[in-house]
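Take a look at the structure below.
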Amino acid sequence: MNIAVIIYTLGRVIALEAAFMALPGIVALIYRENVWWAYFLVALLGMLLGLLVSIKKPKNMQFFAKEGFATVGLSWFLMSLVGALPLFISREIPNYIDAVFEMSSGFTTTGATILTSVEDMSHAANFWRCFSHWIGGMGIIVFLLAVLPMAGSVNMHLLRAESPGPVVGKLVPKMKDSSQILYLIYFALTLIQFVSLWIMGMNPYEAICTAVATAGTGGFGIYNDSIASFSTPIKWNVTIFMILFGINFNVYFLLLARKFKAIFKIEEVRAYLGMILLSVIIITLSIFRTYAKFGDALTDAAFQVGSIITTTGFATCDFNEWPSLPKTILIILMLTGACAGSTGGGLKFSRILIGMKAVKQEVNSFIHPRSIKAVEMDDRALDKNVVKSVCVYFVLFALIYFGSVFIVSIDKYDMVTNFTSVLATMNNIGPGLNAVGPSGNFAGFNYLSKIVFIFDMLAGRLELYPILLLFAPPMWKKH
Amino acid sequence: MKIIIVGCGKIGLSIVKQLIIEKKHDITVIDKNQDVINDITNNFDVMGLVGNGASYSVQREAQVEKTDLLIAVTGSDEINLLCCLFARKAGNCNTIARVRDPLYSKEIQYIKDELGLSMIINPEYAAAVEISRLLRFPSADKIDTFAKGRVELLNIVITEDSPFADKTLIEVSKRVLSDILICTVERGEDIFIPNGPFILRAGDKITIVASAVNSREFFTKIGFDTHQVKDTMIVGGGRMTYYLAEILLKMGIRVKVVDSDRERCESLSEMLPKATIINGDATNQEVLIEEGIEGCDSFVSLTGIDETNIFLSLFAKTKTQGKVVTKIDRISFDDIISTFNLGSLIYPDKIAADYIVSYVRAMQNTIGSNVETMIKLNSGRVEALEFKITSNSPIIGRPLMELNLKRDILIGCINRKGTIIIPKGQSVVEAGDTVIVVTTRSGLSDIKDILE
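Chain order of the listed sequences is B and S. Numbers in the working numbering are just positions in the first sequence, counted from 1, shifted up by 23. Numbers in the working numbering are just positions in the second sequence, counted from 1, shifted up by 4.
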């Protein structure tokens, strides 16, 4: 393990995060809040530390897959730890573990909160929470590669470890260009949403917080009732943008490249949109009787489906009150998550598709024992290793999931709460059901549970391996 | 520049490695083998594509229509040609193909013209040319040429009894009075771009730059043999042997080829009627001694197995004072191999990659950068670059000693309309010249990059 390179890269990540931290400081100054010093202090210290560590390029730049995983895993841990400092030292969140929970929830775009009333927080704190979604949505390493690319193999190993999805590729031959295109798309979509929300009647502060939280598919709200008190057009705006950010970003690249035919070939996106449509129809039909107007039922159903499937976690109503069919559908959507290569979390639609195809192939092999058939996706045969790694991913996911539920069940909550709270954190959704439902929060859990949740959120965002490998002793052997 | 490379074998990989350093190119690689693609995309900043490069749909996926250059270096000549043909039609881009079958080699020019190829590379032939150059001038370890062969860069080793040992460069130049310049000195792990007071030691590997005429004169003056070898023994009867034997026979060098395969010997004897073909196992010492390894002027090991080549050359070194050349195909332990006494080393794939990369550079010139040719010395740690000087260049019209050059940079040679000038402090570069810059820095792309 080449620790020098890892530290060097971590230094850059911290410096970058510190630079971003100046933004909430500016927000505090604008609103004349007395917490501005916390952000600038941590930003300054972070910059100094980061630059100090990364000022000298290590001699040995050997960088293999394990260094990539370790760097990404540690980066995200460190980001949460540093990101929590301003909230902690300004005493807005007096407990450091709570602050770390809040910031991991932010960076991993989960949106689960330990705050009982977000409206009591300063504008700066709320902005920093929402903005952390934006940083975490596309990934800070991808951003790093867009501005400060490193030597050849370093780039690819880092990207591979941070990017979601079973197969990680580049859009264009050069890593730097690829990262820049991704961030450009990301930034442009965020900007469009910000402007449209502003026009639809939000004030600029509300609009920017909502836009960045939607873009990262995060879900931190700035009001206790999330998006519920805003007008119907705004709800639809957020619904549509959530769904857009849950789509594989390759689609936008293909749009820009004017390859419209290729877009329709992507099975994952078809399945994702199909699933949304189907879920909205079923849920609307099963809840519309409880609403005065059919349109309101449709709005709520669409919003909740969009929010859960993209793992955003905004809410416009308390779906805890819904009958069990729509709740079950939501739990299924919590599992599937959004598309690979989007800002959304979850298992990812491409994995589900590959898994189902592998099942079909296996069933088929019982009927025709000698048949040979490759698993296909988007009209091309998948590498056997990809199929295998997807299956292993499911198993690993289940192991960590049940392990976490086991530890959390030591706490005082009921089964549904325990199961959905772990699902909501691991798949970076935010709200679950019962005590952690849209109107609830994670404040009541004990610290052991909160630490498990922090682990789950980071593991879920980075797709398990980078975080898991940090705890494997052979990783840290020198040779 | 946008470049597609079809086939990621040894040559493809060498090309990627060299081009990626320049950071200016968008490279897409195509190979049929998923594992090869995984490996290369993990280690280099390139786009990988699994498929048959000769298929139109694969080429279109690689965006051939936006590509400037397609390099086809798969194992099959026919696929390479087909790739280039399609790319030419679909993308209207420049194309380079590897074609190595001797059957086609006679028709190279015709194929090139008819298919509209920019360049055809035959690694075995290129390596054979390189070996023949060494045999023509056996005192040098390695010879590179610039300015269409008018300028040579020669590697020699300073031996214990060399008149240069423990002398400063100023003393050396007083002694030889030739127009030559010592541009790099490799001593153990270190590489120096030496200045006047630098003292040479025994065991140093030095690179000198000289015009082709002067280099002969220089070697005579310091008491080195400058005659080409009289005869040579080649072990291994593959394609490269055929090309090499043909070139050597034309130069009037007697050629003896040893190969253990009877049929191959027979076909060689048909193709090379003037050569002596021996059917025997060269790994058997007796065979080599019987065929006169002790008396031969030069020995070239060209079997298909690197380990065999190394052992044969080590053995030859113990038996003959002549020139020994060793071909290495695959083994990558450069540091260790260079510690062996193997004579001159030839890496066919690197030679082919160098040819292609220098073509890429020349193409780049028309777009922006103005490196004419570039050669890597001392296992890639030193670069010698040839620049074309335009009339607005900041280095013209002033004596070189007044220029504020960066460290580790040396102007090795000025080519003024074919006249080779080895520069002194008072020399002045004029517009229209080409200059050769030797440096341990990498990534120079313009002549103004050499100034502080």
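All residues carry an ideal CB built from backbone N, CA and C; glycine is no exception. All values reported here derive from a predicted model rather than from experimental measurement.
(Q) If I follow the unbroken alpha helix (DSSP H) through B:M480, where does it start and stop? (A) 470–484
Q) Name the chain B residues that come within less than 7 Å of S:T45, Cβ to Cβ? A) M179
Q | chain B residues whose Cβ lies nearer than 7 Å to that of S:T32 | A | P196
Q: Give, in chain order, every unbroken run of the alpha helix (DSSP H) that is at least 4 residues long and sits entirely within the region 233–296 of chain S.
A: 243–254, 266–275, 289–294
Q | Where the region 187–212 of chain B meets chain D: residues whose CB sits under 7 Å from a CB there | A | Here chain D cannot be found, since the structure's protein chains are B and S.
**Q.** From S:I34, S:A151, S:S136, residue whose alpha carbon lies closest to that of S:T377
**A.** S:A151
Q | Within chain S, the residues that B:D406 reaches when beta carbons sit closer than 8 Å | A | Q38
Q. Around the C-beta of S:I212, are 16 or more other C-beta atoms found within 10 angstroms, so that it is buried, or is it exposed?
A. buried
Q.
For the region 48–60 of chain S, list every residue whose C-beta sits within 7 Å of some C-beta in chain B, in sequence order.
A. Those residues of the region 48–60 of chain S that come within reach of chain B (Cβ to Cβ, closer than 7 Å) are F48, D49, V50, M51.
(Q) Using 8 Å for Cβ pairs, my map puts S:C97 next to S:L121. What's the rounded Cβ distance? (A) That pair is no contact at about 11 Å.
Q) Is the beta carbon of B:A45 within less than 7 Å of some heavy atom of the ligand SAM? A) Looking at this structure, you won't find the ligand SAM or any other ligand, since it has none at all.
Q: Sort S:I297, S:G429, S:L381, S:E434 by Cα distance to S:T423 and report the nearest one.
A: S:E434
Q | Beta carbon of B:T262 nearer than 8 Å to that of B:G329 | A | yes
Q) Which full runs of the beta strand (DSSP E) of 3+ residues lie inside the region 301–358 of chain S, going along the chain? A) 302–305, 327–331, 348–350, all fully within the region 301–358 of chain S.
Q. Would a C-beta distance cut-off of 8 Å place S:G16 and S:V33 closer than the cut-off?
A. yes
Q: Rank B:G269, B:I215, B:A325, B:L214 by C-alpha distance to the C-alpha of B:G188 and give the top, closest one.
A: B:G269
Q: Could you give the DSSP three-state label for B:L108: helix, strand or coil?
A: Looking at B:L108 - three-state DSSP - the assignment turns out to be helix.
Q.
Looking at the secondary structure, which residues open and close the beta strand (DSSP E) in which S:C187 lies?
A. 184–191
Q.
For a quick check, are the C-beta atoms of B:D341 and B:S444 less than 8 Å apart?
A. no
**Q.** Contiguous alpha helix (DSSP H) assignments of at least 4 residues, all confined to the region 177–243 of chain B
**A.** 198–222, 227–238
Q. Going by Cα to Cα distance, which pick from S:L252, S:I282, S:R258 is closest to S:R266?
A. S:I282
Q. Which parts of the region 31–110 of chain B are runs of the alpha helix (DSSP H), unbroken and 4 residues or longer, counting only runs that do not cross its ends?
A. 59–77
Q.
Measuring only the C-alpha atoms, how far is S:G11 from S:I332?
A. Rounded to whole angstroms, S:G11 to S:I332 spans 20 Å at the Cα level.
Q: Return the chain-ordered ranges of every beta strand (DSSP E) run that is complete within the region 38–105 of chain S and spans a minimum of 3 residues.
A: 51–54, 73–76, 98–102
Q: Could you name the residues of the same chain whose beta carbon sits closer than 7 Å to that of B:R312, not counting the 5 residues immediately before and after it, in chain order?
A: none
Q: Determine the extent of the alpha helix (DSSP H) in which S:T443 is found, giving its start and end residues.
A: Premise fails: S:T443 lies in the beta strand (DSSP E), 438–443, not in any alpha helix (DSSP H).
Q. According to DSSP, is S:D35 helix, strand or coil?
A. strand
Q) For the alpha helix (DSSP H) that contains S:A130, what are its first and last residues? A) Run containing S:A130: 127–140, per the alpha helix (DSSP H) assignment.
**Q.** Environment of B:P497 [buried if 16+ CB atoms lie within 10 Å]
**A.** Result: exposed.
Q. Considering only residues of the same chain and omitting the five flanking positions on each side of S:S383, which have a CB-CB separation below 8 Å?
A. D338, S342
Q | S:F391 in three-state terms, based on DSSP | A | strand
**Q.** Cα-Cα separation, B:I245 to B:L456
**A.** In this structure, the CA atom of B:I245 is about 21 Å from the CA atom of B:L456.
**Q.** Residues that S:K6 bridges to, as DSSP identifies them
**A.** S:D30
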